[in-house]
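Visitor: Mind having a look at this structure? Questions to follow.
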Amino acid sequence: MCQVAPSTPPTPDGPVLLLAPHGWHVPLQAGLSLMESAERAGVRLVRSCRNGTCRRCLCRMTAGEISYRIDWPGVSAEERAEGWVLPCVAVASRDVTLLVPDASRPLAV
Numbered sequence: 001m002c003q004v005a006p007s008t009p010p011t012p013d014g015p016v017l018l019l020a021p022h023g024w025h026v027p028l029q030a031g032l033s034l035m036e037s038a039e040r041a042g043v044r045l046v047r048s049c050r051n052g053t054c055r056r057c058l059c060r061m062t063a064g065e066i067s068y069r070i071d072w073p074g075v076s077a078e079e080r081a082e083g084w085v086l087p088c089v090a091v092a093s094r095d096v097t098l099l100v101p102d103a104s105r106p107l108a109v
């Protein structure tokens, strides 16, 4: 009988982005947005402008803390309080969990 070990997350040296509900773990790279780190790991988030104005990538952060590269991202104070973030212009220095059911992993490279 063959047994398969459960999938375990990578153990990078730095912070990790967890993409729920998929369970994908992405190493966060210093200076890169959450979206850029995801893309480098082969994960595609829904996007359009990549500069914080179109809100196409808007998703909910369920754990962690972020800051923005720009002064006025397209997220209201109320939305921020509810956990909504724009990963295209958000950066993190600690672990973050995003709820992104529409994320995808195109053909593996």
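Residue numbering for the sequence shown follows the numbering used here, starting at 1 and increasing by one per position.
From the three backbone atoms N, C-alpha and C, an ideal C-beta is built for every residue, glycine too.
Which word fits P6, buried or exposed, when buried means at least 16 other C-beta atoms lie within 10 angstroms of its C-beta?
Guide: Interpretation of P6 is limited by its pLDDT of 37, a score under 50 that renders its predicted location unreliable; no figure is taken from the coordinates.
Visitor: Would you say the stretch 33-47 touches the stretch 72-80, given that touching needs at least three Cβ pairs under 8 Å?
Guide: no
Visitor: Quick check on DSSP: helix, strand or coil for A5?
Guide: Since pLDDT at A5 reaches only 33, below the 50 mark, its modelled position is unreliable, and no value is offered.
Visitor: Measuring only the C-alpha atoms, how far is V96 from R69?
Guide: Spanning the two alpha carbons is a distance of roughly 16 Å.
Visitor: From the DSSP output, in three-state form, read off S48 for me.
Guide: DSSP places S48 in coil when its eight states are reduced to three.
Visitor: Cα-Cα, which of A103, L98 and R50 is closest to I66?
Guide: Taking only the C-alpha atoms, the option nearest I66 is L98.
Visitor: Run through DSSP, which three-state label would S37 get?
Guide: Correct three-state label for S37: helix.
Visitor: Taking just the CA atoms, how far does L18 sit from R105?
Guide: 14 Å
Visitor: Whole angstroms is fine: what's the gap from V16's alpha carbon to L34's?
Guide: 10 Å
Visitor: Give the secondary structure of R60 by DSSP, where H, G and I count as helix, E and B as strand, and everything else as coil.
Guide: strand
Visitor: Opposite P87 in the DSSP bridges: which residues?
Guide: DSSP output for P87 lists no bridge partner at all.
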